[in-house]
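Scroll down for the structure; my scribbles are underneath it.
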Amino acid sequence: MHKYTKKELMTLITGKLRRNFGRDVEEATSLHMFKACALVLRDIMSERQMKTADRVAVEHLRQVHYLSLEFLMGRSLMKNAYNLGVAEPLKQAIEGLGFSAPDLFEAEPDAGLGNGGLGRLAACYLDSMTTLEIPATGYSICYELGIFKQKIVDGQQVELPDNWLGLGDAWLIPKMDETEEVRFGGKVEDEWDALGRHRVKHTGYDVVLAVPKDMEIAGYGTEHGNLLRLWDANSPTPVDMNLFSSGQYLKAVEQRAMAESISKVLYPEDNHYEGKSLRLKQQYFFVSATIQSIVRKHRAEYGTLRNFHLKHVIQINDTHPTLAIPELMRILLDEEGYGWDEAWYIVTHTIAYTNHTVLAEALERWPQQLIEKWLPRIWQILIEISNRYQRALTDYFHGDLSKVAPMAIIWGGEVRMANLCVCACFKINGVSALHSDILKRDVFHDAYARTPDKFTNVTNGIDHRRWLSECNPELDALIRDCCGKDKYLLQPDALKELEQYRDDAGVLSRLGQIKADNKKAFAAWVARESGVILNTDALFDVQVKRLHEYKRQLLNVLHIIYLYQRMKADPHFDFTPRTYLFGAKAAPGYAVAKRIIRLINSVADMVARDPACKDRLQVVFLENYRVSLAEKLMPASELSEQISTAGKEASGTGNMKFMMNGAVTIGTLDGANVEMHQVLGDENIFLFGLKAHEVAEMKQKGYKSYEYYVHNPELRAVIDQLNVGFGDGVAYDDIARRLLFGDGGPADEYLLLADFESYRDAHQRAGLAYQDPKRWNQMALMNIARSGIFAADRSIRDYARDIWNVPVRALK
Numbered sequence: 028m029h030k031y032t033k034k035e036l037m038t039l040i041t042g043k044l045r046r047n048f049g050r051d052v053e054e055a056t057s058l059h060m061f062k063a064c065a066l067v068l069r070d071i072m073s074e075r076q077m078k079t080a081d082r083v084a085v086e087h088l089r090q091v092h093y094l095s096l097e098f099l100m101g102r103s104l105m106k107n108a109y110n111l112g113v114a115e116p117l118k119q120a121i122e123g124l125g126f127s128a129p130d131l132f133e134a135e136p137d138a139g140l141g142n143g144g145l146g147r148l149a150a151c152y153l154d155s156m157t158t159l160e161i162p163a164t165g166y167s168i169c170y171e172l173g174i175f176k177q178k179i180v181d182g183q184q185v186e187l188p189d190n191w192l193g194l195g196d197a198w199l200i201p202k203m204d205e206t207e208e209v210r211f212g213g214k215v216e217d218e219w220d221a222l223g224r225h226r227v228k229h230t231g232y233d234v235v236l237a238v239p240k241d242m243e244i245a246g247y248g249t250e251h252g253n254l255l256r257l258w259d260a261n262s263p264t265p266v267d268m269n270l271f272s273s274g275q276y277l278k279a280v281e282q283r284a285m286a287e288s289i290s291k292v293l294y295p296e297d298n299h300y301e302g303k304s305l306r307l308k309q310q311y312f313f314v315s316a317t318i319q320s321i322v323r324k325h326r327a328e329y330g331t332l333r334n335f336h337l338k339h340v341i342q343i344n345d346t347h348p349t350l351a352i353p354e355l356m357r358i359l360l361d362e363e364g365y366g367w368d369e370a371w372y373i374v375t376h377t378i379a380y381t382n383h384t385v386l387a388e389a390l391e392r393w394p395q396q397l398i399e400k401w402l403p404r405i406w407q408i409l410i411e412i413s414n415r416y417q418r419a420l421t422d423y424f425h426g427d428l429s430k431v432a433p434m435a436i437i438w439g440g441e442v443r444m445a446n447l448c449v450c451a452c453f454k455i456n457g458v459s460a461l462h463s464d465i466l467k468r469d470v471f472h473d474a475y476a477r478t479p480d481k482f483t484n485v486t487n488g489i490d491h492r493r494w495l496s497e498c499n500p501e502l503d504a505l506i507r508d509c510c511g512k513d514k515y516l517l518q519p520d521a522l523k524e525l526e527q528y529r530d531d532a533g534v535l536s537r538l539g540q541i542k543a544d545n546k547k548a549f550a551a552w553v554a555r556e557s558g559v560i561l562n563t564d565a566l567f568d569v570q571v572k573r574l575h576e577y578k579r580q581l582l583n584v585l586h587i588i589y590l591y592q593r594m595k596a597d598p599h600f601d602f603t604p605r606t607y608l609f610g611a612k613a614a615p616g617y618a619v620a621k622r623i624i625r626l627i628n629s630v631a632d633m634v635a636r637d638p639a640c641k642d643r644l645q646v647v648f649l650e651n652y653r654v655s656l657a658e659k660l661m662p663a664s665e666l667s668e669q670i671s672t673a674g675k676e677a678s679g680t681g682n683m684k685f686m687m688n689g690a691v692t693i694g695t696l697d698g699a700n701v702e703m704h705q706v707l708g709d710e711n712i713f714l715f716g717l718k719a720h721e722v723a724e725m726k727q728k729g730y731k732s733y734e735y736y737v738h739n740p741e742l743r744a745v746i747d748q749l750n751v752g753f754g755d756g757v758a759y760d761d762i763a764r765r766l767l768f769g770d771g772g773p774a775d776e777y778l779l780l781a782d783f784e785s786y787r788d789a790h791q792r793a794g795l796a797y798q799d800p801k802r803w804n805q806m807a808l809m810n811i812a813r814s815g816i817f818a819a820d821r822s823i824r825d826y827a828r829d830i831w832n833v834p835v836r837a838l839k
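Given below as structure tokens:
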């Protein structure tokens with residue numbers, strides 16, 4: 028593997044500046060400089076990827092296609108330099124050319140092509156698939172605007188557009204010659220030829236062009252290269268010249284605007300008909316282009332699709348890409364002329380499904396008329412799949428419709444995407460042991476009873492090279508000193524070797540100092556960004572994740588209000604000083620989540636204004652939470668809030684990032700917290716709250732949140748305070764009502780009041796432990812030492828062995 032020097036990189040960068048931007052170094056702006064550096068790394072990665080593609084073709088290797096509507100890639104310059112082994116010489120080259128390397132890295136926008144954990148997981152998996160030398164391609168949409176930039180104005184979330192492509196397009200290679208055509212609308216007619224063979228005639232449709240823009244993916248310590256293919260939506264006729272000539276300028280570009288709207292925004296709001304239509308179009312556009320592309324290349328190589336399932340595995344990440352199933356059927360039936368049974372065999376041996384949720388509202392259902400209108404041929408195929416499946420289920424369950432109805436694909440005017448996946452995919456996996464058990468026991472119980480071999484588990488994992496080594500260099504240095512150089516980067520289990528230092532005063536003291544340094548560095552960044560001065564002597568208690576009621580940011584806030592009230596009532600109330608840090612974006616149409624953000628900011632404002640809280644209690648809402656902010660925050664965090672209602676969080680990956688960086692978890696036995704507890708034991712985690720089966724039992728018996736309010740005076744005082752407000756003139760009686768009486772739904776649906784007391788007690792235990800630095804540092808050390816199992820490399824090895832049937836890189 029070629030090792031690039033500072034001098035070589037300086038020559039390559041100056042060459043790019045001249046050829047691509049017509050600038051000498053002296054004339055170049057930081058924008059030119061960033062793009063030149065990106066193009067140099069892109070060239071190195073392109074060469075590797077092309078060699079990989081040649082090897083895959085020559086050896087006829089089986090390929091993995093990872094379909095996800097989200098890829099939260101974050102920043103790429105530092106990550107790619109790190110994986111390519113040129114991070115240090117690149118920094119030196121940038122400085123040698125008169126620019127600041129930290130400023131240049133900081134200037135890159137996050138590629139926010141995702142919403143949260145699902146998209147970040149997909150990005151981590153791409154890194155691991157490449158590092159483990161699996162021939163793989165990720166597929167998504169080239170959203171012009173990623174997840175919105177969040178601004179907090181008067182305590183409330185305001186969404187601003189996030190145009191990441193200004194600098195981000197330096198990573199994208201358009202491949203115009205691989206453009207695919209995607210069809211919407213029109214009508215379908217059946218025809219039979221003289222031999223009685225069926226043909227489908229599709230007329231009157233609108234065409235949208237899918238132009239691939241490829242992002243190169245570098246693996247760590249390997250020459251192997253993979254791709255993330257992002258589809259950009261274009262119109263085949265940019266301008267209607269007749270309309271333009273007659274002065275109807277807006278109408279002339281209408282078709283182009285309609286086509287381009289498909290790749291304009293990540294997740295358009297879908298609480299209205301137009302939004303639902305656009306989201307459905309996005310999903311079909313993305314899978315149709317992807318499946319056509321895979322099929323076209325396969326046919327060119329093999330001349331037949333009869334071996335398609337032997338050479339490809341298509342992994343669909345959640346239900347968003349489910350239309351890949353009928354789309355592959357359409358191509359096999361209509362374009363290849365295969366019979367139904369042969370086509371169905373290929374489809375059901377090619378596609379596998381990862382489920383990410385047990386929340387009923389997140390298991391996608393599409394109105395029948397939308398699919399009929401926009402995808403008439405897909406609708407016909409869906410009806411056929413649904414009818415055949417329903418007949419098979421009716422036979423299996425001896426006509427018991429109470430069993431058949433919940434498993435049906437089309438029912439009550441809706442198409443249920445999760446049921447289509449369960450019917451057609453050869454493997455279905457959950458993303459933590461608890462989650463996979465819930466899928467078998469509850470969500471897909473009857474399907475599991477009928478086809479148990481389809482169901483398996485692959486617990487999520489994170490890219491530990493990014494989320495430990497790269498973002499926490501001091502900790503990385505300690506691990507290298509204790510665990511044999513850089514062995515853990517490719518063998519994350521090597522972190523276990525840290526355990527032998529659990530009583531080593533020198534190592535524990537160094538670990539404590541690393542955390543203190545990281546807290547100071549993060550506080551300095553926050554002060555520069557927002558002017559807020561964090562108390563670095565206090566325990567950094569952190570909850571950062573998407574804002575959703577089941578993740579229970581509200582429980583955290585209720586506890587903070589309790590602490591504030593105790594402090595005001597009793598000046599001698601002794602508790603460990605805390606700096607509470609929140610980061611979260613609420614979906615634009617999720618009114619309750621937005622109210623909770625406003626509540627957090629109201630409480631933060633009240634605490635900041637009260638001199639009694641100085642050096643004891645601080646609450647800060649970190650604006651615009653994103654990957655690059657997380658990379659600064661994780662190394663500084665000390666207590667990680669993973670407090671979802673048990674049975675609701677599929678896995679979580681933030682919990683793993685905190686653990687790997689030596690934060691201790693306070694959490695429920697939910698998602699991957701269960702497996703974290705298994706490896707950590709009771710002594711290295713602060714558990715509280717109802718377990719998943721207890722939650723179910725309590726709901727079954729009829730949960731009455733009001734009784735907790737009546738019988739617990741401290742909790743009652745907290746909720747009464749919501750009705751009054753916090754001194755900024757805003758009352759939160761709507762949230763109080765929701766907790767006590769429901770708001771058109773069940774009261775306190777996520778059991779905050781039931782878990783409040785247990786949560787408060789766990790916080791007391793955590794505070795006491797923090798007062799003993801040796802004990803706390805031991806806990807932190809054990810968290811790091813036992814986090815190797817949560818590396819994405821382990822997850823991908825599980826997928827490769829249990830689902831994809833592909834070989835992975837052997838480690839020496």
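Counting from 1 along the sequence shown, just add 27 to a position and that's the residue number in the working numbering.
The beta-carbon is built from N, C-alpha and C at its ideal position, and this holds for glycine as well.
#1: For the beta strand (DSSP E) holding Ala-618, just list the boundary residues, first then last.
#2: Can you round the beta-carbon distance between Gly-716 and Thr-692 to whole angstroms, since I take them to be within the 8 Å contact cut?
#3: Assuming Phe-126 and Met-60 are in contact, meaning their beta carbons sit under 8 Å apart, how far apart are those beta carbons, in whole angstroms?
#4: Mark Ile-712 as exposed unless 16 or more other C-beta atoms lie within 10 angstroms of its C-beta, in which case mark it buried.
#5: Between the Cα of Leu-766 and the Cα atoms of Tyr-777, Gln-580, Asp-568, which residue gives the shortest distance?
#6: Helix, strand or coil, according to DSSP, for Lys-291 in the structure here?
#7: Identify, in the order they occur along the chain, each residue of the same chain with its Cβ nearer than 8 Å to the Cβ of Asp-825, setting aside the five sequence neighbours on each side.
#8: Just to confirm before moving on: does the CB-CB distance between Asn-446 and Thr-381 stay below 8 Å?
#9: Within the same chain, show all residues whose beta-carbon is closer than 8 Å to that of Met-203, passing over the 5 residues directly before and after it, in chain order.
#10: Identify every run of the alpha helix (DSSP H) within the stretch 382-453, keeping only runs that are complete inside it and at least 4 residues long; order them along the chain.
#11: On a Cα-Cα basis, can you pick out the residue from Glu-576, Leu-535, Pro-348, Thr-384 that is closest to Leu-466?
#12: To which residues of the same chain is Arg-764 closer than 8 Å at the C-beta, ignoring the five residues directly before and after it?
#13: According to the neighbour-count rule (16 or more other Cβ atoms, all chains shown, within 10 Å of its Cβ), is Leu-222 buried or exposed?
#14: By Cβ distance, which residues of its chain are closer than 7 Å to Leu-99, with the 5 residues on each side in sequence left out?
#15: Can you have a look at Ile-121 and say buried or exposed, based on whether 16 or more other CB atoms are within 10 angstroms of its CB?
#16: With contact counted as at least three CB pairs below 8 Å, one residue from each stretch, are the stretch 300-311 and the stretch 51-66 in contact?
#17: Restricting to runs no shorter than 4 residues, where is the alpha helix (DSSP H) found entirely within the stretch 307-370?
#18: Could you tell me which whole alpha helix (DSSP H) segments of length 4 or greater appear in the stretch 169-201?
#19: Just reading off the alpha helix (DSSP H) that Ile-161 is part of, what are its end residues?
#20: For Val-745, count neighbouring Cβ atoms within 10 angstroms of its own Cβ and tell me buried if that reaches 16, exposed if not.
#21: Taking the alpha helix (DSSP H) that Ile-712 belongs to, which residues open and close that run?
#22: Among the candidates Ala-163, Gly-248, Ser-262, whose CA atom is the shortest distance from the CA of Asn-832?
#23: Going along the chain, which unbroken runs of the beta strand (DSSP E) with 3 or more residues stay wholly within the stretch 575-610?
#24: Here's the rule I'm using: 16 or more other beta-carbon atoms within 10 Å means buried, otherwise exposed. How should Glu-243 be labelled?
#25: Evaluate Met-434 with the Cβ neighbour count: other Cβ atoms within 10 Å of its Cβ, from every protein chain shown; 16 or more gives buried, anything less gives exposed.
#26: Helix, strand or coil for Leu-644, going by three-state DSSP, please let me know.
#27: Using the Cα positions of Ile-541 and Glu-501, report the straight-line distance between them to the nearest angstrom.
#28: Would Phe-453 and Thr-375 be called neighbours here (beta carbons separated by less than 8 Å)?
#29: Taking CB distances under 8 Å as the criterion, tell me whether Cys-509 reaches chain D.
#30: When we look at the beta-carbon of Lys-178 and count the other beta-carbons within 10 Å, is it buried (16 or more) or exposed?
#31: If I'm right that Ala-673 touches Val-722 with Cβ under 8 Å, what's the distance once you round it to whole angstroms?
#32: Go to His-704, then tell me how far its alpha helix (DSSP H) extends in each direction, as first and last residue.
#33: Does DSSP put Glu-218 in a helix, a strand or coil?
#34: Within 10 angstroms of its Cβ, does Leu-428 collect 16 or more other Cβ (buried), or is it exposed?
#35: At what residues does the beta strand (DSSP E) containing Glu-668 begin and finish?
#36: Have a look at Gly-123, Leu-199, Ala-419 and flag the residue whose alpha-carbon is nearest the alpha-carbon of Ile-168.
Once the coordinates are examined:
#1: Annotation: Ala-618 is outside any beta strand (DSSP E); the continuous alpha helix (DSSP H) that includes it extends over 618-636.
#2: In fact, because the Cβ distance is near 13 Å, the residues do not count as touching under 8 Å.
#3: Confirmed, about 5 Å.
#4: Within a 10 Å sphere around the beta-carbon of Ile-712 sit 16 or more other beta-carbons, which makes this residue buried.
#5: Answer by Cα proximity: Tyr-777.
#6: Annotated three-state conformation of Lys-291 is coil, per DSSP.
#7: The residues Val-485, Thr-486, in chain order, have a CB closer than 8 Å to that of Asp-825 in the same chain once the five nearest residues on each side in sequence are set aside.
#8: Judged by beta-carbon spacing, Thr-381 lies beyond the 8 Å limit of Asn-446, meaning their Cβ atoms are not closer than that value.
#9: Excluding positions up to five away in sequence, the list reads Val-238.
#10: Within the stretch 382-453, complete alpha helix (DSSP H) segments of at least 4 residues are found at 395-401, 403-423, 428-434, 444-451, given in chain order.
#11: Out of Glu-576, Leu-535, Pro-348, Thr-384, the CA that lies nearest to the CA of Leu-466 is found in Thr-384.
#12: These residues qualify, in order along the chain: Asp-770.
#13: When all chains shown are included, Leu-222 counts as exposed.
#14: Within the same chain, Gly-139, Leu-140, Gly-141, Gly-146, Arg-147, Ala-150, Val-654 come within 7 Å of Leu-99 by CB-CB distance, once the 5 residues on both sides are set aside.
#15: Within a 10 Å sphere around the beta-carbon of Ile-121 sit 16 or more other beta-carbons, which makes this residue buried.
#16: Not touching, per the Cβ criterion.
#17: Within the stretch 307-370, the complete alpha helix (DSSP H) runs of at least 4 residues are 335-338, 351-357.
#18: Taking only runs of at least 4 residues, the alpha helix (DSSP H) segments lying wholly in the stretch 169-201 are 192-195.
#19: Per DSSP, Ile-161 belongs to no alpha helix (DSSP H) and is neither H nor E.
#20: So Val-745 ends up on the buried side.
#21: Premise fails: Ile-712 is in no alpha helix (DSSP H) and is neither H nor E.
#22: Considering only alpha carbons, the answer is Ala-163.
#23: Within the stretch 575-610, the complete beta strand (DSSP E) segments of 3 residues or longer fall at 605-610, listed in chain order.
#24: That one is buried.
#25: Result: buried.
#26: Reduced to three states, the DSSP call for Leu-644 is strand.
#27: Those two C-alpha atoms are separated by around 6 Å.
#28: Taking 8 Å as the cut-off, the beta carbon of Phe-453 is found closer than this to the beta carbon of Thr-375.
#29: As a matter of chain content, chain D is missing from the structure shown, which is built from one protein chain.
#30: Lys-178 is exposed by the Cβ-count criterion.
#31: About 5 Å separates the two Cβ atoms, so the contact holds.
#32: Counting along the chain, the alpha helix (DSSP H) containing His-704 begins and ends at 700-707.
#33: In this structure, Glu-218 counts as strand in the three-state DSSP scheme.
#34: A residue is called buried when at least 16 other Cβ atoms come within 10 angstroms of its Cβ; Leu-428 does not meet this threshold and is exposed.
#35: It spans 666-669 - the beta strand (DSSP E) in which Glu-668 sits, taken as one unbroken run.
#36: If we check each option's Cα against that of Ile-168, Leu-199 comes out closest.
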